[in-house]
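Written below as structure tokens is the structure these notes are about.
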Amino acid sequence: MPFCASSNPRGLCSSSSVPLTLDVNIGLVVDDVLDPAVLLEKWTQLIRSSPVMGGLLESKTETRRLIRGSLVDFDSRILNDTLNSILPFSWHGQSRPSTLHENVSDIDDKFLFNPTYNPKPVCLLRATILNDATILCFSFVHSLFDGQSCFDIIHFFCDLLSDKPIPKLALSPDMTGIRMSELIRETTISDEEPRMPREDVFITSRLGQLKLYAKALVETTVELFTRSEKLTQRLIHLPGAWVDEVRASAQKELDMDDEYPGVRLTRNDIIAALYLKMVYSSTKPSNNPVDFYGPLNYRSLLGLSDETHYTHNSIITLRCPFSEREIQDASIAQIAEKIRLATMQYKHPAVVKNELRANEDRVLAPAIVKVRGSIQRSVPYITPWTTFQYADLDFSGASARKTGRNASVVFVNPQFRLLNGQEQPTLFLTTLKDCSGGYWLRGSNTASGWEAFETLF
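Residue numbering for the sequence shown is 23 to 479, as defined by the numbering used here.
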């Protein structure tokens, strides 16, 4: 079931629209041999400085309960291998869009080994020491850590490795009884602005959820007994210059249209439009509904002090409706424009405040994302992590060789999994910056959709 949020776990944040059933695993390849003893020492220091990171997420029924503690979940292994033998593919792109690895999910166990499940640790760290590099995997419970929180914690870890100070880690406001909606800056809110109800995105009625579960069961059964295409995950690369060319062309097209003057497309808008084209250009023309979903971070609207840091999943969920035919017939510029307009609407403080209030008022109600069409094929979810500069991180404080140079991240492998370790069986894409101005995209698609990628771009 895609994007399924169970009942709010006791003690967990009540103001996030993120699923409570997901882990986010961030695999990093560091171009140096690191000392596991130093990694453990500093990971322990980081865990014990946080009121949340050493906790456990206990799951016995629909309700999940956060048990606070100081658990240090760390494991390391030493392999007498080189990086090229463990990850036998190149993550360096070409001048055109290209496939880097055709089934990226088969390398995930190179990053995450000996995972811990029920009770689930809030976070863990795994280190694989090779002859010429180190593979790290940071795993976080997604309902407590959005992409920004994950990056911040890894950044703080690097600071500790270099004996630098880190901010005070505290409980998020909603874990201390403060409603996040009350922290949205009122001076930026106008009552005349549109307000989008939670029901636009989520199903909260029990009957509606049971119907969706039944629909999922039927789809799964049909897929088992038919030749319907299965989703596979690939790692693809888009050169930065190429994305800029597409964006410039799309922006030029929009500038000739006076309907929405002043709309400026972002690179993420273009990448999202390219992904939708790639997924649906190979399907038979139809008016089947497609709901594009994406996360929007609202932390900048809270006006909180920078002196104290807290882990939190500060996102609301954007929904942008399409049809398959619309995606097939529209230009990249038109699709990107629709996504940009939806993003601007959802990011308005009034909309964010309304969404947070809905989350808080229904804190004990299960919520499932609305699906109008096929569960596996009609809800593409795109997570842009392009603001996180993983290439700037330095792990040299844990270097075993003490060469004096930076121990840099040369590859990032993002992965979202269910808390039981299974992959999400839905369309998704995660976008990150590579180390040379381009983009790594990890996403799912059908075989015909991947063929479309090769021919379209």
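Just so it is clear, CB atoms sit at the ideal spot from N, CA and C, and this is done for glycine as well.
query: 7 Å Cβ shell around alanine 295 - same chain, five flanking residues per side excluded; result: Ile354, Ile357, Ala358, Ile361
query: Alpha helix (DSSP H) runs wholly inside the region 331 to 373, at least 4 long, in chain order; result: 346 to 351, 354 to 368
query: Close beta carbons around aspartate 181, own chain, < 8 Å, minus the five adjacent residues each side; result: Pro187, Ile188
query: Own chain partners of leucine 257 with C-beta closer than 6 Å, once the 5 adjacent residues on each side are dropped; result: Leu122, His123, Val126, Arg464
query: Burial state of methionine 366 (16 or more Cβ within 10 Å); result: exposed
query: Residue burial classification, alanine 380 (beta-carbon count within 10 angstroms, cutoff 16); result: buried
query: Classification of methionine 278 by the beta-carbon crowding that lies within 10 angstroms, buried from 16 upward; result: exposed
query: Alpha-carbon spacing of isoleucine 175 relative to phenylalanine 450, whole angstroms; result: 24 Å
query: Continuous alpha helix (DSSP H) assignments of at least 4 residues falling wholly in the region 78 to 123; result: 105 to 108
query: Close Cβ partners of glycine 262 (< 6 Å) along its chain, the five nearest in sequence each way excluded; result: Gly459, Gly460
query: Contact between the region 92 to 112 and the region 236 to 256 (3+ Cβ pairs under 8 Å); result: no
query: Close-in-space but distant-in-sequence residues of the same chain around aspartate 185 (CB under 8 Å, 5 per side omitted); result: Gly419
query: Inter-residue Cα distance where the pair is alanine 27 and valine 374; result: Low local confidence applies: a pLDDT of 38 at alanine 27 is under 50, so the model's placement there is unreliable, with the coordinate-based value given in what follows. If you take the alpha carbons of alanine 27 and valine 374, they lie about 19 Å apart.
query: Span of the alpha helix (DSSP H), counted from its first residue to its last, around glutamine 273; result: 262 to 277
query: Run of the beta strand (DSSP E) containing leucine 232, from where it starts to where it stops; result: From DSSP, leucine 232 is part of no beta strand (DSSP E) but of the alpha helix (DSSP H) over 228 to 247.
query: Cβ separation of glycine 49 and glutamine 437, assumed to be a contact under 8 Å, to the nearest whole Å; result: 7 Å
query: Cβ-based burial, glycine 199 [other Cβ within 10 Å; buried from 16]; result: exposed
query: Buried or exposed by the 16-neighbour rule on C-beta atoms within 10 Å, applied to valine 301; result: buried
query: Backbone CA spacing between leucine 326 and threonine 243 [nearest angstrom]; result: 49 Å
query: Helix, strand or coil at histidine 164 [DSSP, three-state]; result: coil
query: Closest by C-alpha distance to lysine 142, when choosing among Thr226, Thr150, Arg148, Val163; result: Val163
query: Same chain only: Cβ atoms within 8 Å of phenylalanine 96, ignoring 5 sequence neighbours per side; result: Leu61, Leu62, Trp65, Thr66, Leu146, Leu147, Arg148, Ala149
query: Serine 327 CB to nearest heavy atom of the ligand NAP below 8 Å; result: Here there are no bound small molecules, and the ligand NAP is not part of this structure.
query: Proximal residues to asparagine 153 (C-beta, below 7 Å), its chain only, five neighbours per side dropped; result: Asn102, Asp103, Thr104
query: Where arginine 207 sits in the DSSP three-state scheme; result: coil
query: Terminal residues of the alpha helix (DSSP H) in which alanine 295 lies; result: 289 to 302
query: Nearest to leucine 166 (by Cα), restricted to the options Asp196, His177, Leu158; result: Asp196
query: Residue range of the unbroken alpha helix (DSSP H) whose run includes leucine 182; result: 169 to 183
query: Assigned exposure category for proline 402 - 16 Cβ within 10 Å defines buried; result: buried
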